Amino acid sequence: CLRNPDGSAAPVGKNAYPWASLKDNTIRYEALSATVETTGRTYAVALTQTQMTGMDRDSIIRETTYTVWALGKPAETYNPPHTLAVHEDVNKDGVINAQDRVPATSLDLWAAHPIEEVGHRWGMSIDLSSCIGCGACITACNSENNISVVGKDEVRRSREMHWLRIDRYYSSDTHAHSEGLSWAGTLAAMEQPGAAPSVMFIPMMCQHCNHAPCETVCPVAATTHSEEGLNMMTYNRCIGTRYCANNCPYKVRRFNWFNYVTEDFGQVNPAWDDLGRMVLNPDVVVRSRGVMEKCSLCVQRIQAGKLDAKKEGRPVRDGEIETACSSACPTNAIVFGDLNDAGSQVRAEHDSARSYLMLEEIGTAPNVNYLVKVRNKPEQETAQA
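In this text, residue positions in the sequence shown follow my numbering: the first is 5, and each later residue adds one.
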């Protein structure tokens with residue numbers, strides 16, 4: 005068991021079995037005669053994400069109903085393009101105000117850095133209608149990429165190491181745009197939860213931006229862009245400034261606070277002994293203290309797939325290479341492939357009318373796209389999240 009420095013057993017979790025009962029050779033996990041009362045004490049719970057809202061954040065959360073989608077209405081109805089307000093009279097009405105907006109894609113500081121259209125360009129598509137938030141992708145990612153278990157004390161300090169997280173949002177019944185609410189009015193109206201709030205799960209990993217903000221601030225070029233669209237990390241070059249984490253709008257980079265290969269780390273993860281280390285993936289390096297790490301789109305699997313195709317003298321087939329998260333997803337919500345392959349599934353989903361890019365208005369040009377969530381709620385045409 006987990007031990008304290010003095011050798012005593014560390015309190016990890018609580019044993020609820022004394023309250024279970026046995027009836028007809030079946031363990032009953034409900035205690036009907038139990039009562040609850042306050043102790044006057046507090047207990048810090050380790051959570052990777054608390055309940056938050058994404059009020060009026062259309063650049064993150066997009067959803068519609070099956071009724072709207074099935075009618076074949078224009079995509080602008082449920083997936084309007086991102087726009088930015090500019091300080092010029094776009095509408096030619098003689099007044100400069102918030103209504104003067106231009107498409108976000110028309111403004112680009114990286115005009116000299118186009119997206120490659122030759123060779124491979126690896127990308128991912130995530131269908132929000134299919135994601136059920138089960139977390140299988142997180143478990144698969146941790147196992148595939150030797151991601152360390154840091155313990156609940158470090159999770160309380162927001163030092164979790166997951167390369168992939170699942171953000172959780174709740175939808176409101178209030179329609180800010182259609183009801184003409186101001187920003188302050190939107191917040192006030194949406195603070196009241198609905199009787200049956202709708203939840204949305206959004207898997208969030210490194211977006212492998214073609215115009216990545218993290219790459220421009222690294223003083224030692226530890227994070228760079230590959231010719232195949234991958235945002236790569238060179239661990240032995242990283243000096244741990246964490247500038248990249250500060251500049252990442254998606255907050256998907258993790259900093260190593262401890263040397264996980266030492267014996268002392270066994271106090272946090274008892275399985276991390278000589279035998280436990282044998283379960284590590286030999287194709288993925290074990291990172292150490294002082295470096296940043298993040299999703300690599302399972303570059304080791306990409307390289308293995310490319311080598312297999314090369315040995316057989318053929319191009320890489322669509323669906324032949326899968327990331328750990330896409331292969332583990334029970335609902336096939338995550339699709340991985342080559343965006344430069346016009347016949348690939350990921351390209352078809354990328355070009356879908358439901359497709360949108362996370363925070364597209366800031367111009368990062370991600371290689372990961374999301375599909376608008378379609379809800380079976382005919383009584384509500386759109387939801388403001």
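The C-beta atom is built at its ideal place from N, Cα and C for all residues, glycine as well. The model shown is predicted, which means the values in this text are computed figures rather than measured ones.
Would you please state the rounded distance, in angstroms, between the beta carbons of residue i and residue j? I believe it to be under 8 Å.
| i | j | result |
| --- | --- | --- |
| Ser230 | Met236 | 5 Å |
| Leu132 | Val376 | 7 Å |
| Asn251 | Pro223 | With 8 Å as the limit, Asn251 and Pro223 do not qualify as a contact, their Cβ atoms being about 12 Å apart. |
| Arg258 | Met296 | 7 Å |
| Thr228 | Cys248 | At roughly 11 Å, the Cβ-Cβ gap does not stay under 8 Å, so Thr228 and Cys248 are not in contact. |
| Cys234 | Leu168 | The displayed chain sequence assigns Leu, not Cys, to residue 234. Between Leu168 and Leu234 the Cβ distance is about 16 Å, and since that is not below 8 Å, they are no contact. |
| Ser331 | Ala144 | 7 Å |
| His166 | Thr52 | 7 Å |
| Val90 | Asp104 | 6 Å |
| Val256 | Met208 | 6 Å |
| Ala79 | Ala357 | 4 Å |
| Val378 | Ser129 | Not a contact, Cβ separation roughly 15 Å. |
| Asn336 | Ser147 | 19 Å between Cβ atoms; not a contact. |
| Lys381 | Thr69 | 5 Å |
| Trp126 | Asp342 | 6 Å |
| Thr87 | Val106 | 6 Å |
Look up residue i in the DSSP assignment and give the residues it is bridged to.
| i | result |
| --- | --- |
| Ala67 | For the sequence presented, residue 67 should be read as Glu rather than Ala. Beta-bridge pairing links Glu67 to Lys377. |
| Tyr174 | Val203 |
| Pro107 | Thr87 |
| Leu26 | Ile31 |
| Arg169 | Met208 |
| Val372 | Met128 |
Of the residues the options, which one's Cα is nearest the Cα of residue i?
| i | options | result |
| --- | --- | --- |
| Glu67 | Val290, Ser330 and Tyr173 | Tyr173 |
| Thr243 | Val288, Gly294 and Pro253 | Looking at the sequence shown, residue 243 is not Thr but Ile. Answer by Cα proximity: Gly294. |
| Thr109 | Leu375, Val376 and Met362 | Met362 |
| Asp112 | Ala369, Asn263 and Val378 | Ala369 |
| Ser162 | Asp62, Trp261 and Arg45 | Trp261 |
| Val288 | Gly280, Gln304, Cys299 and Arg281 | Gln304 |
| Phe205 | Cys138, Asn373 and Ala89 | Cys138 |
| Ile306 | Glu316, Glu324 and Arg318 | Glu324 |
| Asp277 | Ser37, Val106 and Ser152 | Ser152 |
| Val49 | Asn373, Lys18, Ser129 and Ala313 | Lys18 |
| Cys210 | Asp10, Asn373, Asp28 and Ser37 | Asn373 |
| Glu34 | Ser25, Glu41 and Arg379 | Ser25 |
| Ile64 | Leu75, Pro78, Trp73 and Pro84 | Pro84 |
| Asn149 | Ser356, Val106, Thr30 and Cys299 | Cys299 |
| Pro253 | Ala225, Cys213 and Glu232 | Cys213 |
| Ser292 | Lys156, Lys310 and Asn263 | Asn263 |
| Pro22 | Glu164, Ser12, Glu232 and Ala38 | Ala38 |
| Ala346 | Glu365, Arg321 and Ser175 | Arg321 |
| Ser359 | Ser12, Trp73, Gly280 and Asn29 | Trp73 |
| Asn344 | Glu364, Pro334, Cys333 and Pro319 | Pro319 |
| Glu364 | Asp62, Glu232, Arg281 and Thr220 | Asp62 |
| His354 | Ile338, Val106 and Ile366 | Ile338 |
| Asp141 | Gly76, Cys333, Tyr239 and Asn95 | The sequence given here has Cys at residue 141, not Asp. For the residues Gly76, Cys333, Tyr239 and Asn95, the minimum Cα distance to Cys141 belongs to Cys333. |
| Ile136 | Val154, Glu232, Asn95 and Val203 | Val203 |
| Ala225 | His215, Tyr239 and Glu232 | Tyr239 |
| Pro201 | Gly44, Ser175 and Thr43 | Ser175 |
| Arg32 | His215, Thr327, Val154 and Ala20 | Ala20 |
In terms of residues, what are the limits of the alpha helix (DSSP H) holding residue i?
| i | result |
| --- | --- |
| Arg160 | Lys156 to Arg160 |
| Ser152 | First-last for Ser152: undefined, no H or E at that position. |
| Thr81 | Ala79 to Tyr82 |
First and last residue of the beta strand (DSSP E) that includes residue i?
| i | result |
| --- | --- |
| Ile130 | Trp126 to Asp131 |
| Ile31 | Thr30 to Arg32 |
| Ser279 | Per the sequence presented here, residue 279 reads as Leu, with Ser not at that position. Note, Leu279: premise wrong, no beta strand (DSSP E); not H, not E. |
State yes or no: is the beta carbon of residue i nearer than 9 Å to at least one beta carbon in chain D?
| i | result |
| --- | --- |
| Gly280 | No chain D is part of this structure, which consists of one protein chain only. |
> At which residue ranges does the region 283-360 contain complete alpha helix (DSSP H) runs of 4 or more residues, listed in the order of the chain?
Replying inline: 303-315, 328-332 and 349-354
> What are the uninterrupted segments assigned as beta strand (DSSP E) that are 3 or more residues long and contained completely in the region 202-260, given in chain order?
Replying inline: 202-208, 227-229 and 235-237
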